[in-house]
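Numbering (the working numbering), first residue to last: 200 to 342.
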């Protein structure tokens, strides 16, 4: 299944097609991943293009799948602003007590969030980041 996803995300998509159908097709492929597929994805992730990574980050939303969370965290290690924005947007759904602890211990993640928040970002990105930070603090305050 990994190879199918790699080939699919490497293709050319018109923006309308990607958001209308492409995302659903990619999510369906991902939903059939085995442990071996996730391991292969982790091993190959650094070799993929930024566009490929953006598409992947956009498709990861299953909060019950720890591989999706770990993949998103790995995608945060980027200097590419749009990839970072997409990844953080996807990560908002994964915020819970356990993931907040993990994110707090990962100084790179916190640095990326602060950097993007302090950059001259669009109003939409600022709202998304504010929501992300608010969700994190709800769990921090519970401790």
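For every residue, glycine included, the Cβ atom is placed at its ideal position computed from N, Cα and C. If you're wondering where the values come from, they're calculated on a predicted model, not measured in any experiment.
Own chain, CB closer than 7 Å to residue i, minus 5 neighbours either side, in chain order
i: residue 256; result: 271, 274, 282, 285, 286, 289
i: residue 292; result: 260, 262
i: residue 253; result: 281, 282, 285
Assigned exposure category for residue i - 16 Cβ within 10 Å defines buried
i: residue 300; result: exposed
i: residue 249; result: exposed
i: residue 298; result: buried
i: residue 267; result: buried
i: residue 229; result: buried
i: residue 201; result: buried
i: residue 294; result: buried
Host alpha helix (DSSP H) of residue i (start-end)
i: residue 232; result: Where residue 232 is concerned, there is no enclosing alpha helix (DSSP H), given that its DSSP letter is neither H nor E.
i: residue 217; result: Premise fails: residue 217 is in no alpha helix (DSSP H) and is neither H nor E.
i: residue 338; result: 322 to 341
i: residue 310; result: 306 to 317
i: residue 289; result: 280 to 290
i: residue 201; result: 201 to 208
i: residue 257; result: 249 to 258
i: residue 270; result: 265 to 274
Cβ shell of residue i (< 8 Å), same chain only, five flanking positions each side left out
i: residue 226; result: 258, 260
i: residue 218; result: none
6 Å CB neighbourhood of residue i in its chain, flanking five on each side removed
i: residue 277; result: 283
i: residue 264; result: none
Worksheet item: How do the stretch 266 to 284 and the stretch 310 to 326 stand: do at least 3 beta-carbon pairs fall below 8 Å, yes or no?
Response: These segments touch.
Worksheet entry | Cβ pair count under 8 Å reaching 3, the stretch 207 to 225 against the stretch 233 to 244 | Three or more Cβ pairs closer than 8 Å define a contact, and the stretch 207 to 225 falls short of that threshold against the stretch 233 to 244.
Worksheet item: Counting pairs of beta carbons, one from the stretch 330 to 341 and one from the stretch 292 to 312, are three or more of them closer than 8 Å?
Response: By the C-beta criterion, the stretch 330 to 341 is judged to be in contact with the stretch 292 to 312, since at least 3 inter-stretch pairs fall below 8 Å.
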